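Working notes for the structure below.
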Amino acid sequence: MDIFIRIVIDVILPLFLLIGAGAYLHRLFHFDMNTLSKMTTYFLLPAVGFVNVYKSDMKSEVLFHVLFFLVLQNGTLIALSAAMAKWLKLDRSLGATFQNTIVLNNSGNFGIPVSQLVFRHEPLGMSIQIVVTIFQNFLTNTYGVFQFISASENREKITRDMLKNPIIYALVLAVIWKLFDIAVPAFIWRPLEHVADAFLTVALVTLGAQLAYMDVKRIPRLMFITICSRLILSPFIAFLIILLLHMEGITAQALLIASAYPCSRNTALYALEYNHHPAYAAQAVFLSTLLSPLTVASVIGFAHLYF
53 MDIFIRIVID
63 VILPLFLLIG
73 AGAYLHRLFH
83 FDMNTLSKMT
93 TYFLLPAVGF
103 VNVYKSDMKS
113 EVLFHVLFFL
123 VLQNGTLIAL
133 SAAMAKWLKL
143 DRSLGATFQN
153 TIVLNNSGNF
163 GIPVSQLVFR
173 HEPLGMSIQI
183 VVTIFQNFLT
193 NTYGVFQFIS
203 ASENREKITR
213 DMLKNPIIYA
223 LVLAVIWKLF
233 DIAVPAFIWR
243 PLEHVADAFL
253 TVALVTLGAQ
263 LAYMDVKRIP
273 RLMFITICSR
283 LILSPFIAFL
293 IILLLHMEGI
303 TAQALLIASA
313 YPCSRNTALY
323 ALEYNHHPAY
333 AAQAVFLSTL
343 LSPLTVASVI
353 GFAHLYF
């Protein structure tokens with residue numbers, strides 16, 4: 053119960069205060085959603101991606117095993133979500149949004165604070181969460197973006213649009229600079245940090261604006277599949293893979309918990325940018341985040357008991 057209350061107070065409440073502010077301000081001033089989307093996608097997101105990768109400690113004795121697990125787990129989710137979209141006979145646009153809401157999770161501003169709470173006496177658990185966050189960043193901005201772009205009518209533009217996305221270059225550049233230990237000049241680093249700090253606020257205010265006119269009485273039945281897949285099916289698959297790979301201790305706990313986080317807010321941002329059912333994506337983020345304290349707290353308790 054203590055961890056549930058702390059997740060609500062320390063993680064969920066701050067998020068929803070910013071989301072609520074975005075919804076209120078949009079109703080009051082009628083934001084230009086296209087401008088917000090462009091600023092977030094082409095300015096804020098590349099900066100936060102570069103800063104997070106560059107500042108992270110990617111050196112870990114369990115790095116290979118963690119990455120192997122993440123490839124297996126996310127590969128399984130990708131295959132299952134694609135099969136579900138086909139079975140449900142979703143059109144390509146809705147199918148792309150549906151799959152991204154299941155595969156991609158909020159491992160950054162949700163996962164890192166939760167890990168700080170759970171593993172405050174176990175540095176390894178926090179290190180694993182950082183690796184998971186970096187992996188999710190790459191997955192979101194490669195697989196996730198490709199899903200949305202490939203759902204567009206003009207598929208000849210896929211490669212060109214992928215190459216136009218600055219986040220890809222930001223992440224690759226950050227990895228290169230990190231591997232070769234290249235120092236970023238202070239006059240560049242300080243503005244990058246300021247921009248990265250602004251990302252969370254703008255992203256959540258934008259999400260709130262997307263939700264400003266959401267009709268909670270008209271939540272599509274498909275949403276229940278999305279929420280259950282993200283919050284329940286994902287950790288179940290992770291648990292089976294952990295058993296298959298014979299993982300134990302803090303590593304097993306951290307990976308199981310990291311699989312249970314709600315839908316990624318970036319899914320809603322990209323759905324807005326590429327106009328693929330942005331309302332559905334925003335609802336998925338909102339509802340999965342709203343329900344996540346109960347499900348994530350349950351997974352945390354199970355992880356501590358079993359491993």
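What the sequence shown shows, in this note's numbering, is residues 53 to 359, in sequence order. Positions of the beta carbon are idealized from the N, C-alpha and C atoms, including for glycine. All figures in this text were calculated on a predicted structure; none of them were measured in a lab.
Asked                                                                                                                        : Found
Among 313, 351 and 330, nearest to residue 154 - alpha-carbon criterion                                                      : 313
Separation of residue 65 from residue 72, as counted between CA atoms                                                        : 10 Å
Same chain only: Cβ atoms within 7 Å of residue 129, ignoring 5 sequence neighbours per side                                 : 154, 155, 286 and 289
Closest residue to residue 80 among 188, 261 and 192 (Cα-Cα distance)                                                        : 261
Rounded distance between the beta-carbons of residue 223 and residue 105, thought under 8 Å                                  : 6 Å
Euclidean distance between Cα positions of residue 270 and residue 107                                                       : 42 Å
Neighbourhood of residue 358 by C-beta distance below 7 Å, restricted to the same chain and skipping five residues each side : none
Sequence-distant residues of its chain with Cβ nearer than 7 Å to residue 218 (five each side left out)                      : 94 and 98
Residue 315 - partner residues in DSSP beta bridges                                                                          : 157
Given 8 Å, three or more beta-carbon pairs between the stretch 338-356 and the stretch 154-172                               : yes
Three or more C-beta pairs below 8 Å linking the stretch 169-179 and the stretch 294-313                                     : yes
Endpoints, the alpha helix (DSSP H) within which residue 328 is located                                                      : Careful: residue 328 lies outside any alpha helix (DSSP H) and carries neither H nor E.
Candidates 138, 335 and 182: closest to residue 273 by CA position                                                           : 335
Same chain, Cβ closer than 6 Å to residue 263, neighbours up to 5 away in sequence not counted                               : 75, 334 and 338
Local Cβ density within 10 Å of residue 86, reported as buried at 16 or more and exposed below that                          : exposed
Environment of residue 96 [buried if 16+ CB atoms lie within 10 Å]                                                           : buried
Any 3 or more C-beta pairs closer than 8 Å across the stretch 191-206 and the stretch 139-155                                : yes
Cβ separation of residue 67 and residue 256, assumed to be a contact under 8 Å, to the nearest whole Å                       : 6 Å
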